[in-house]
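Reading through the structure tokens given below for one structure.
Residue numbers (our numbering): 1325 to 1433.
Here it is as structure tokens:
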């Protein structure tokens, strides 16, 4: 049986957006910034490709944190802007999960 990965990712990411109302966009990309999958709310102006570019800039920082503090398996980074909170989570050596929250969101949820 063949699995349509695009449809599967779309369904998972849309369910995530439905479940967490503070999340404006969610992106899975590789360490070079190539978007594997991504979804955003219809009413948001966030550009998935822009977040992917940010991921390429953030990944070396995550690598350095992992190496210096012996966190070899994972790493996270978050940044606040006037309008959004950005959270980058290393899934494995090749993939990063990027979340864009509204500025008042609590990451702990």
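Glycine residues also receive a C-beta, built at the ideal position from the N, C-alpha and C atoms. As the structure is a prediction and not an experimental result, all values here were calculated from the model.
Check	Outcome
With 16 other CB atoms within 10 Å as the buried threshold, where does residue 1425 fall?	buried
Terminal residues of the continuous beta strand (DSSP E) containing residue 1363?	1359-1364
Would you list the one or two residues that DSSP bridges to residue 1404?	1409
Keeping to the same chain, check which residues put their C-beta closer than 7 Å to that of residue 1380; ignore five residues upstream and five downstream.	1356, 1357
For residue 1354, which three-state DSSP category applies?	strand
Going by beta-carbon coordinates alone, are residue 1423 and residue 1415 separated by less than 8 Å?	no
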